[in-house]
Amino acid sequence: MAEPSSDRTAKRRWWQGIRPRLIGVLLIPMIAALVLGVLRVESAVAASTEAARAESLANALPASFALGIQLTREREAANAAIPDATKERIRSETDEGIDAWRQVAADVDDSQDPALAQDLDTARSALSDIDELREQILEPDTRSDAVTAYTDLLNLLFGLSSQLPALEDPSIYEQTSALANVRTASEVLGVVRVVISQALMTGEISPRGLMQLASAQGVWDQASADFVAGSSPAAAELFEELTDRGPDSRLNPLRVMDQVVQDGGLDGVSITLSAWLQLYAGYIAELEEVIVLAADDLAADVADVRQAAQQSALLTAGIVGAVLLIALVVTLLATRSILRPLVRLRGAALEIAGKTLPDRVKQVENADGPIDTSVEPIGVEQRDEIGDVSEAFDAVHAEAVRLAGEQAQMRANVNRMFVNLSRRSQNLVERQLRLIEQLEAGEQDPAQLANLFQLDNLATRMRRNDESLLVLAGGDTPQAARGNVPVLDVLRAATSEIEQFARVEIESAEEGELRGSVAGDLVHLLAELIENATNFSPPDSPVVIRTLPRKPDEPLVVDIVDLGLGMTPDELLAANAKLKSTSGLDADVARMMGLVVTARLADRHGMTVSLRSGTPRGIVARVRIPASALATGQTKPLPVVAALPPRQPVAVRTPAGAPSSTMPAERTESAPVAEARAEARPAEPAIATVGSDSPPPSFAHDDAGDTPIFAALRSAWFTRGQPLGTLRAVQSDEPAASQSWSSPGDDGWKRAAEVFQRPEEPELVTAGGLPKRVPGQNLVPGAAPAVSQPAPQAQPTVDPRRSGALSSFQRGVSRARADAPEPELEPDDAMPTPTPRYFRSQRGEDE
0 MAEPSSDRTA KRRWWQGIRP RLIGVLLIPM IAALVLGVLR VESAVAASTE AARAESLANA
60 LPASFALGIQ LTREREAANA AIPDATKERI RSETDEGIDA WRQVAADVDD SQDPALAQDL
120 DTARSALSDI DELREQILEP DTRSDAVTAY TDLLNLLFGL SSQLPALEDP SIYEQTSALA
180 NVRTASEVLG VVRVVISQAL MTGEISPRGL MQLASAQGVW DQASADFVAG SSPAAAELFE
240 ELTDRGPDSR LNPLRVMDQV VQDGGLDGVS ITLSAWLQLY AGYIAELEEV IVLAADDLAA
300 DVADVRQAAQ QSALLTAGIV GAVLLIALVV TLLATRSILR PLVRLRGAAL EIAGKTLPDR
360 VKQVENADGP IDTSVEPIGV EQRDEIGDVS EAFDAVHAEA VRLAGEQAQM RANVNRMFVN
420 LSRRSQNLVE RQLRLIEQLE AGEQDPAQLA NLFQLDNLAT RMRRNDESLL VLAGGDTPQA
480 ARGNVPVLDV LRAATSEIEQ FARVEIESAE EGELRGSVAG DLVHLLAELI ENATNFSPPD
540 SPVVIRTLPR KPDEPLVVDI VDLGLGMTPD ELLAANAKLK STSGLDADVA RMMGLVVTAR
600 LADRHGMTVS LRSGTPRGIV ARVRIPASAL ATGQTKPLPV VAALPPRQPV AVRTPAGAPS
660 STMPAERTES APVAEARAEA RPAEPAIATV GSDSPPPSFA HDDAGDTPIF AALRSAWFTR
720 GQPLGTLRAV QSDEPAASQS WSSPGDDGWK RAAEVFQRPE EPELVTAGGL PKRVPGQNLV
780 PGAAPAVSQP APQAQPTVDP RRSGALSSFQ RGVSRARADA PEPELEPDDA MPTPTPRYFR
840 SQRGEDE
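So the sequence shown is numbered by numbering that gives the first Met the number 0: it starts at 0 and just counts up by one.
Now the structure itself:
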């Protein structure tokens, strides 16, 4: 299962977590121990490798010393007066020694010692030319060079022991130093042989020869002492026995040398030349055995050191590996014991913070009965600080749930209080509206009737505020209409809910109907957006309500366009976020109550509301109504209709301190609606633009509740005899006179039409730039006769029966006009119809 995460986890780098840091803390000493262990193992392996190389060289030392001694004998025998057969035998023995040396020299590891490799190569090259060297030593001209070449070759062979690594073993070093004296001893014996042989041949020894013997005697004593001190015990014992020069010892070349030096001549020596040469040859052979024995002992000791080094390397590697493995296991166990409860605590905390607690809070907020505030503990059973943190978090969780329960209970109480206050206020407003209707029914003065219309509009807005309070409190708004409601009726009803309704223009070709359960809330929603558009746009600019063309199965889209200052991108983003949020109330409710109400009403019916910047300025508020909210999703194309006459200037007042209940909306088109559309798309059906300069009358299901003036002003547009939405021009082959219906009240209708055909007069403004109303400007000619300062007199009492009879007659005329087909209208005869205020009587009956 994926580990829970948060925004901080996503932004955190991999090394910032507690797990990498804890592993890093524990890994540092492990790495240090590993490095030290590797160094120790590497040192042991290096010692083992060095011992192996030393062993390969030590194994070649016996053959090297044997070959060196044999070459010394060959060199001395080359010019000696000995039989040729003896010389050939010596050379044959030398060749055998060369072959033996080449075999062991091939196994010498000289890869890490360039000097040793060079000496071995030089020795191999010289031994390859041994036949040429033997010929040169026989010739007088080349004898000296040949002797030098023999000497150099002997130095290489005897000097191999000096290149043997000490291996940090004193015994190896001492034996190596002892074998280094063999070269010196061999030269001393060579001098003794030559000097005594010449003395025996001549019968006397020269002073120079005597001096050479004396010098050789001292060098021999030093070299033999060093050899005995450093060589192996067996070799040292055998060497001492062989070189014993005491009176009781057997005769050897060393005793002859001592006798000659002691006597200063050959007087004390009774030996012939041939006997001397045989004695010397036998002694050299015995001495060779001692030297080879010492070299073998050295090779054996080196092999022991190499084996010990290998064992030490293996043991060191095993110990280091075991220690590191144990340390790794202990580290992993310690890390696991710390990380497991931490991971569990972290996962539980993130789960509680991101899902469990919000879900529990929602459950508590939506609970109808008793609220359960118990919480399930995390269950981290640790007796350390992590366990303490777990218990503390459980306590915080429980306290949060308890506070959520208390807040939910308090919010429910406040909501119930607001619902009661809202419904009481609604009842009072409805009573006020009914009283206003009664006043309108008996009022004949147009000025007073206009004031009553304004009072009616204020009461309607008060009722909408009460409904907004009801929505905020979570109550159900009593706005469900009986049956389906045309979309255009809903748009007009929303327009009638605001103060500056005269600035609103409706452009809609929609003939679909909304479900009654949706229509009332949609009226409220659109009214909030339209009111905001009028409050935050210039007083002389229109606010356009436009429905977009759609297919039968597509949602209905309504745009509310204004030409205000607009909003910044950040403000738009915040407003759209507020429109998408329907949960909870914050401090912005008082300042942006319309946004919150709009969001909740839209969420109630699956609608979406969004704001965007308009062109060239302003805001466009788009409401997307799902197809499920429509009773019929079919839209019909509009026929070509006559253009409406220019709208009369409307005197409006700029709202001072108007509450910004919703965010402003922008308008997407700045050209006049009727003319621009007629010029740009002459072939397309024109869209009716509805505008009014007077407050719209209220709509009632029962004609008995209509006021006389409202019944006189209401046209067939607001009846259900034919579809609503546009002014239609009915094409017919029959004359218009045959389809029309006349009555004595036609003269009043014609006079009303003349009002809209009068030339437009310049609008009067006050010193502050506000429009100035002119009393009686829009009255029907003849409705208010001019009277010059009449004397105050008591207003005559109107007989209620006469007023009721006239009202019934007027309603009959209006109903007859609604049932009759509409005559074909010319553009000049087109006449705007005031926008009604919908759903008022219907909601009053429902409540």
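Even for Gly, the Cβ is constructed at its ideal location relative to N, Cα and C.
Residue i, enclosing beta strand (DSSP E) - first and last residue
i: E504; result: V503 to E506
i: T85; result: Looking at the DSSP string, T85 is not in any beta strand (DSSP E); the run it does join, the alpha helix (DSSP H), is D83 to A104.
C-alpha distance - residue i paired with residue j, whole-angstrom precision
i: A312; j: F392; result: 55 Å
i: P376; j: E390; result: 8 Å
i: V418; j: Q362; result: 22 Å
i: S127; j: Q309; result: 37 Å
i: R39; j: Q221; result: 42 Å
i: V428; j: R502; result: 26 Å
i: S214; j: V37; result: 55 Å
i: T653; j: P548; result: Its pLDDT being 35, under 50, T653 is placed unreliably in this model, and the coordinates cannot settle the point.
i: L237; j: I290; result: 10 Å
i: I517; j: A347; result: The question names Ile, but residue 517 is Val in the sequence shown. Near 43 Å, if we compare the C-alpha coordinates of A347 and V517.
i: G16; j: L356; result: 24 Å
i: Q102; j: G267; result: 47 Å
i: L513; j: R611; result: 26 Å
i: L341; j: V596; result: 44 Å
i: A234; j: A293; result: 5 Å
i: R123; j: V146; result: 18 Å
i: D109; j: E167; result: 19 Å
i: A871; j: N450; result: In the structure as shown, the chain starts at 0 and stops at 846, and residue 871 therefore has no counterpart that could be examined.
i: E380; j: M606; result: 49 Å
Counterpart residues of residue i in DSSP-defined beta bridges
i: T607; result: R623
i: T847; result: In this structure the chain extends from 0 to 846, so residue 847 is not present and cannot be described.
i: R549; result: In the DSSP output, where bridge partners are listed per residue, R549 has none listed.
i: I618; result: S612
i: T542; result: Thr is not the amino acid found at residue 542; the sequence shown has Val there. V542 pairs with V503.
Coarse secondary structure for residue i, derived from DSSP in three states
i: R18; result: helix
i: V849; result: A query on residue 849 cannot be resolved here, the shown segment of the chain reaching from 0 to 846 and no further.
i: S110; result: coil
i: M29; result: helix
i: M591; result: coil
i: D701; result: For D701, the predicted model reports a pLDDT of 42, less than 50, meaning its position is unreliable; a value from the coordinates is still stated below. DSSP places D701 in coil when its eight states are reduced to three.
i: R249; result: coil
i: I497; result: coil
i: N78; result: coil
i: L163; result: coil
i: P61; result: helix
i: V904; result: The question about residue 904 has no answer, for the chain in this structure spans 0 to 846.
i: I370; result: coil
i: D475; result: coil
i: E405; result: helix
First and last residue of the uninterrupted alpha helix (DSSP H) at residue i
i: I270; result: Counting along the chain, I270 falls outside any alpha helix (DSSP H), and DSSP gives it neither H nor E.
i: N464; result: P445 to L471
i: A215; result: P206 to G229
i: V259; result: P252 to D262
i: L178; result: P169 to L178
i: I136; result: I129 to L137
i: P232; result: P232 to L241
i: R359; result: L356 to N365
i: P568; result: P568 to K579
heavy atom of the ligand SAM below 7 Å from residue i C-beta
i: R599; result: This structure does not include the ligand SAM; it has no bound ligands of any sort.
> Is the stretch 613-623 in contact with the stretch 558-578, if contact means three or more CB pairs nearer than 8 Å?
Replying inline: yes
>> I'd like to know if the stretch 159-176 and the stretch 55-63 are in contact, where contact means that at least 3 CB-CB pairs between them fall below 8 Å.
In response: yes
>> If contact is defined by three or more beta carbon pairs under 8 Å, each pair taking one atom from either stretch, is the stretch 41-57 in contact with the stretch 272-288?
In response: no
> Does the stretch 525-545 touch the stretch 572-579, meaning 3 or more C-beta pairs lie closer than 8 Å?
Replying inline: no
> Counting Cβ pairs closer than 8 Å, one from the stretch 329-341 and one from the stretch 368-385, do we hit at least three?
Replying inline: yes
> Within the chosen definition, does the stretch 401-416 reach the stretch 448-466 through at least 3 CB pairs nearer than 8 Å?
Replying inline: no
>> For the structure I just gave you, are there three or more beta carbon pairs, one from the stretch 20-36 and one from the stretch 88-95, closer than 8 Å?
In response: no
> Pairing CB atoms from the stretch 218-235 with CB atoms from the stretch 321-329, are three or more of them under 8 Å?
Replying inline: no
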